[in-house]
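**Student:** Numbering (the numbering used here), first residue to last: 90 to 408.
Where a beta carbon is used, it is the ideal one built from N, C-alpha and C, also for glycine.
What you are looking at is a predicted structure, and each value in this text was computed from that prediction instead of being measured.
Provided herewith is a single structure, encoded as structure tokens, for subsequent inquiry.
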């Protein structure tokens, strides 16, 4: 039986690339353990970095990669810079006191999934493009260096490779270009993909902001990427993004029995890793009652106190 040979591991490689290497090694070993599956998949376009045909015995057809602090390391400093820019936005554009900006940013993220989603839910008419331009436009992209080992690793993976991020497209393309890996992915699923109608809304509540780890975001990614959830690997540094799939047991509309299989890249190689991957489908109401909030504002109650922000913080004008 043909198997996918593991790539040669570079002598010097960063920790985030090591996680991907371990996963790829798991992929290779799985080929020798799984029986050959008969399939009649139709032909599909391959990305420019993977020209060979995917092995039909592989447990995965596609790999979804998060971007921020996953494809590039947190030491690049973009995460901290983004937080500072968000706090500046809260102060300069929304009129919040500087002393409360940090706390508010954290609470909005915890309750609504992002500061932008939270502000719009609270009644602030914020244009998403203006927000992203303010928050990401001043980031130190020069701190992201070309990553040859990561590029070589991605090139050695025959499966489809797709970026799945909550960030806007401009930010995603800049980061991928700095890393030198943009052409390794056939598709970028980003903020604009998840929120195509946001700019057309006439009311703030007409199109709530959709982001990972919400059900709508995952379903959109499945539909846009045209993937089989049970044959898709998801790599993300966010516990909430991974836990959402595990807790809710996502299903796709074509097959009521199918499950979205998500692996936590930080727990690869553990003895119970297989148990963390495969989860039986649960009713959404049961998952919400037993698991509590999972990161989407539609899954949260308003008991966190954010909806009780003093009236002086209520929006007075469009932003």
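From what residue to what residue does the alpha helix (DSSP H) around residue 246 run?
**Tutor:** Looking at the DSSP string, residue 246 is not in any alpha helix (DSSP H), and its letter there is neither H nor E.
**Student:** Can you tell me which of 185, 267, 207, 313 puts its alpha carbon nearest to the alpha carbon of residue 167?
**Tutor:** Selected option, being the one with the closest Cα: 267.
**Student:** Mind reading off the beta-carbon distance from residue 194 to residue 181? Whole number of angstroms is fine, and I expect it under 8 angstroms.
**Tutor:** About 13 angstroms separates the two Cβ atoms, so there is no contact after all.
**Student:** Counting along the chain, where does the beta strand (DSSP E) carrying residue 152 start and finish?
**Tutor:** Counting along the chain, the beta strand (DSSP E) containing residue 152 begins and ends at 151-154.
**Student:** Around the C-beta of residue 250, are 16 or more other C-beta atoms found within 10 angstroms, so that it is buried, or is it exposed?
**Tutor:** Classification of residue 250: buried, given that the 10 Å Cβ count is 16 or more.
**Student:** Determine whether the beta carbon atoms of residue 205 and residue 298 lie at a separation below 8 angstroms.
**Tutor:** Yes. Within cutoff.
**Student:** For residue 311, report the span of its alpha helix (DSSP H) as first-last.
**Tutor:** From DSSP, the alpha helix (DSSP H) with residue 311 extends over 304-314.
**Student:** Would you mind listing the alpha helix (DSSP H) stretches within the stretch 204-292 that are 4+ residues and don't spill past its ends, in chain order?
**Tutor:** Complete alpha helix (DSSP H) runs here, min 4: 204-210, 217-225, 237-244, 258-268, 280-283.
**Student:** If you drop the 5 nearest sequence neighbours on each side, which residues of the same chain put their C-beta closer than 6 angstroms to that of residue 330?
**Tutor:** Excluding positions up to five away in sequence, the list reads 301, 302.
**Student:** Buried or exposed for residue 214, going by 16 or more other Cβ atoms inside 10 Å?
**Tutor:** Classification for residue 214: exposed.
**Student:** Within 10 angstroms of the Cβ of residue 163, are there 16 or more other Cβ atoms? Answer buried if so, exposed if not.
**Tutor:** When all chains shown are included, residue 163 counts as exposed.
**Student:** If we ignore side chains and look at the alpha-carbon of each, how far apart do residue 355 and residue 325 end up?
**Tutor:** Only weak support is given to the placement of residue 355: the predicted model assigns it a pLDDT of 31, under 50, and the value that follows is read from those uncertain coordinates. C-alpha separation (whole angstroms): 9 angstroms.
**Student:** Excluding the 5 residues flanking residue 263 on each side, which residues of the same chain have their C-beta closer than 6 angstroms to its C-beta?
**Tutor:** Once the five neighbours on either side are set aside, the close Cβ partners of residue 263 are 230.
**Student:** Tell me where the beta strand (DSSP E) around residue 321 begins and ends.
**Tutor:** That run of the beta strand (DSSP E) goes 321-324.
**Student:** Could you give the distance in angstroms between the alpha-carbon of residue 199 and the alpha-carbon of residue 295?
**Tutor:** Spanning the two alpha carbons is a distance of roughly 22 angstroms.
**Student:** Out of 254, 256, 247, which one is the CA nearest neighbour of residue 149?
**Tutor:** Considering only alpha carbons, the answer is 247.
**Student:** If we call anything under 8 angstroms between Cβ atoms a contact, is residue 255 one with residue 288?
**Tutor:** No.
**Student:** Look up residue 201 in the DSSP assignment and say whether it is helix, strand or coil.
**Tutor:** Residue 201: helix per DSSP, three-state reduction.
**Student:** I'd like the list of long-range same chain contacts for residue 170, defined as Cβ closer than 7 angstroms, with 5 residues on each side in sequence excluded.
**Tutor:** These residues qualify, in order along the chain: 228, 229.
**Student:** If you draw a straight line from the C-alpha of residue 161 to the C-alpha of residue 320, how long is it?
**Tutor:** Cα to Cα, residue 161 sits roughly 25 angstroms from residue 320.
**Student:** Looking at the structure shown, is residue 185 part of a helix, part of a strand, or coil, going by DSSP?
**Tutor:** Coil.
**Student:** Measuring straight from C-alpha to C-alpha, what distance separates residue 285 and residue 236?
**Tutor:** Going from the Cα of residue 285 to the Cα of residue 236 covers about 31 angstroms.
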